[in-house]
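Sequence positions in the sequence shown follow the numbering used here and run 187 to 374.
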Amino acid sequence: MKKKLKKPVVQLTSLLDLLFVMIFVLLLQSKAAPTKAAPTKAEPTPKPEPKPIAKVEPKPEPKPTPKPKKVVPKIFALEAVFHFYATAASPNVPTGIYAMQGSYNSKNGRLSLAGTKWVKKVPNFGMVPLSGFIDEKTGTFTGRIEFQNCEEFSLYKTQSDTGSPVAGKWEGTYTCGQGETGLTLTLR
């Protein structure tokens, strides 16, 4: 009987030993102790890239400041002096002078002027408005006079001035009830 008793004890001890070894190996695998291994030529373990703490974006280079374009107004406010006088065709026309105000649209060439006050008043004469078109290339200002007994005018630029593209002295004639009348128009 002794033999039978020994056998199960041995088997049980062997099983316990085996269990102990398995637990020990399992513990070793789960908690590997750092050991200095001999250098090998195995592939190096890739190092993880460091994660940035904060994203820093590059500062954009400043764009060069564009030079401001010279702004040319399309509509100019104007003042004028209307000076009328006799011509060879109408020698009895008196001399008169009055001030005018108006505007010039450089986009379409339209110029409109209206009388504002007399400088040298002439009895029985009224201030006539001028409205027409300027051709800057040829230096002409032509149009119709919207006033009773008046028809048209035609002026040529004889002298330029500063301030607007049409500033300067314009000379020519206009036709109203008194006949062809000389006109010097000074635009400022």
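From the three backbone atoms N, C-alpha and C, an ideal C-beta is built for every residue, glycine too.
Residue j beta carbon less than 8 angstroms from that of residue i
{"i": "Phe268", "j": "Thr367", "result": "no"}
{"i": "Pro309", "j": "Leu299", "result": "no"}
{"i": "Lys293", "j": "Lys260", "result": "yes"}
{"i": "Gln364", "j": "Val279", "result": "yes"}
Cα-Cα separation, residue i to residue j
{"i": "Ala353", "j": "Thr281", "result": "23 angstroms"}
{"i": "Gly349", "j": "Thr328", "result": "21 angstroms"}
{"i": "Leu202", "j": "Leu214", "result": "18 angstroms"}
{"i": "Leu373", "j": "Met286", "result": "9 angstroms"}
{"i": "Thr370", "j": "Pro254", "result": "38 angstroms"}
{"i": "Tyr290", "j": "Ala274", "result": "31 angstroms"}
{"i": "Phe333", "j": "Ser340", "result": "16 angstroms"}
{"i": "Tyr212", "j": "Glu235", "result": "With the sequence shown as reference, residue 212 is identified as Leu, and Tyr is not the correct amino acid for it. So the two alpha carbons sit approximately 31 angstroms from each other."}
{"i": "Thr199", "j": "Ser216", "result": "26 angstroms"}
{"i": "Thr302", "j": "Glu357", "result": "20 angstroms"}
{"i": "Leu204", "j": "Phe210", "result": "10 angstroms"}
{"i": "Pro277", "j": "Leu264", "result": "31 angstroms"}
{"i": "Thr251", "j": "Lys245", "result": "17 angstroms"}
Close-in-space but distant-in-sequence residues of the same chain around residue i (CB under 7 angstroms, 5 per side omitted)
{"i": "Gly325", "result": "Tyr342, Lys343"}
{"i": "Gln345", "result": "Gly354, Lys355"}
{"i": "Pro351", "result": "Ser292, Glu322"}
{"i": "Pro248", "result": "none"}
{"i": "Ala272", "result": "Asn278, Val279, Gly368"}
{"i": "Met313", "result": "Tyr284, Gly301"}
{"i": "Lys233", "result": "none"}
Close beta carbons around residue i, own chain, < 8 angstroms, minus the five adjacent residues each side
{"i": "Glu338", "result": "Thr328, Gly329, Arg330, Ile331, Tyr360, Thr361"}
{"i": "Ala266", "result": "Ala285, Met286, Gln287, Gly288, Leu299, Leu371, Thr372, Leu373, Arg374"}
{"i": "Phe319", "result": "Asn294, Gly295, Arg296, Leu297, Phe327, Thr328, Gly329"}
{"i": "Asn335", "result": "Cys362, Gly363"}
Other residues of its chain near residue i: CB distance less than 6 angstroms, five sequence neighbours each side excluded
{"i": "Ile283", "result": "His269, Val305, Lys306"}
{"i": "Ser317", "result": "Ser298, Gly329"}
In chain order, which continuous runs of the beta strand (DSSP E) of length 3 or greater are located wholly inside the segment 279 to 354?
Entirely contained in the segment 279 to 354, the beta strand (DSSP E) runs reaching 3 residues are, in chain order, 282 to 291, 296 to 306, 316 to 321, 326 to 330, 338 to 346.
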